[in-house]
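Undergrad: Pasting a structure here, questions to come.
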Amino acid sequence: MMNINEKNEANSVIDRGAIKSALEAGVFYVKMSTSFDELDPLNMLHNSRYQYILERATYLFFNAVKVIEEFDIVKYPDLHHVVHNINLNYLKPIFGVVPFYVAIAPQKLREAGAAFDVAFLSEDKKTVYCKGTRSIAKVRPVTFEPTGWTAKFRETHEYIIELIKTQKK
């Protein structure tokens, strides 16, 4: 297998430097915050809000690694995807109106699917509040049949997955 730094960048459709600078060891972190109206009667972030926050963080991830730079389905056809599965395990509650991080790391890429590890972390990134997976499938606009990702989406995610593997060695 070719080293991620040896790949012929002349044929590349991605900016590896920009992608790498948006990540920490292949993982995207975005700082978010709870709001008073997202808390339940126990002063905890309500479980339904995690998915909502995750969707916002995912769009920010796509934007940071330059696969989707604006919410325009014509310019960025990879936006035409559906969520296949979100599986979250709530480990510790997030209490009150506080900042926290959402971490997103691509784990698997298929012709028309992608899977990501996700986590909600304390501001110091030492406490894991919630972790799980999110998978998506790219579909055709009219028929909603599965279809392949663009070269940019595919190459970006393959590069990030390789970065993560390299960090684990």
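Mind the numbering: the sequence shown is residues 804 to 972 in my numbering, read in order. We put the beta carbon where it would ideally sit given N, CA and C, even for glycine.
Per DSSP, which one or two residues make a beta bridge with Phe923?
TA: Counted from its first residue, the sequence shown places residue 923 at position 120. Bridge partners of Phe923: Val905, Cys933.
Undergrad: Pick out whichever of Tyr962, Lys928, Ala908 has its Cα sitting closest to the Cα of Met835.
TA: Translated into positions along the sequence shown, residue 835 becomes position 32. Out of Tyr962, Lys928, Ala908, Lys928 has the C-alpha closest to the C-alpha of Met835.
Undergrad: With distances taken from CA atoms, which of Tyr879, Glu926, Asn888, Val901 is nearest Glu917?
TA: Here residue 917 corresponds to residue number 114 of the sequence shown, with the count starting at 1. Going by the sequence as given, residue 917 is Ala instead of Glu. Selected option, being the one with the closest Cα: Asn888.
Undergrad: Kindly indicate which residue of Val931, Thr953, Val885, Val830 has the alpha-carbon position closest to the one of Thr946.
TA: Working through the sequence shown from its first residue, we reach residue 946 at position 143. Considering only alpha carbons, the answer is Val885.
Undergrad: Contact check, Leu857 vs His849 under 8 angstroms by CB: the rounded distance?
TA: Within the sequence shown, residue 857 is the residue found at index 54, counting from 1. Within the sequence shown, residue 849 is the residue found at index 46, counting from 1. Between His849 and Leu857 the Cβ distance is about 14 angstroms, and since that is not below 8 angstroms, they are no contact.
Undergrad: Rounded to the nearest angstrom, what separates Ser838 and Ile871 at their Cα positions?
TA: As a first step, residue 838 must be located in the sequence shown, where it is residue number 35. As a first step, residue 871 must be located in the sequence shown, where it is residue number 68. Those two C-alpha atoms are separated by around 27 angstroms.
Undergrad: Given a threshold of 16 other Cβ atoms within 10 Å of its Cβ, counted over all protein chains shown, does Asp875 qualify as buried or as exposed?
TA: Taking the sequence shown and counting its residues from 1, the one referred to as residue 875 is at position 72. Exposed: under 16 other Cβ atoms inside 10 Å.
Undergrad: Please list, in chain order, all residues of the same chain as Arg943 whose beta carbon is under 6 angstroms from its beta carbon, the five residues on each side excluded.
TA: By one-based count along the sequence shown, residue 943 stands at place 140. Taken in chain order, the residues that qualify are Thr950.
Undergrad: Should Lys968 be labelled buried (16 or more other beta-carbon atoms within 10 Å of its own) or exposed?
TA: For this step, residue 968 is matched to residue 165 along the sequence shown. Exposed is the call here.
Undergrad: Is the beta carbon of Lys895 less than 9 angstroms from the beta carbon of Thr930?
TA: Residue 895 sits at position 92 when you count from the first residue of the sequence shown. Residue 930 sits at position 127 when you count from the first residue of the sequence shown. In this structure, Thr930 lies closer than 9 angstroms to Lys895 by Cβ.
Undergrad: What do you reckon, are the CB atoms on Phe903 and Tyr932 nearer than 9 angstroms?
TA: As a working mapping, residue 903 is identified with position 100 in the sequence shown. As a working mapping, residue 932 is identified with position 129 in the sequence shown. Yes, these two residues count as a Cβ contact at 9 angstroms.
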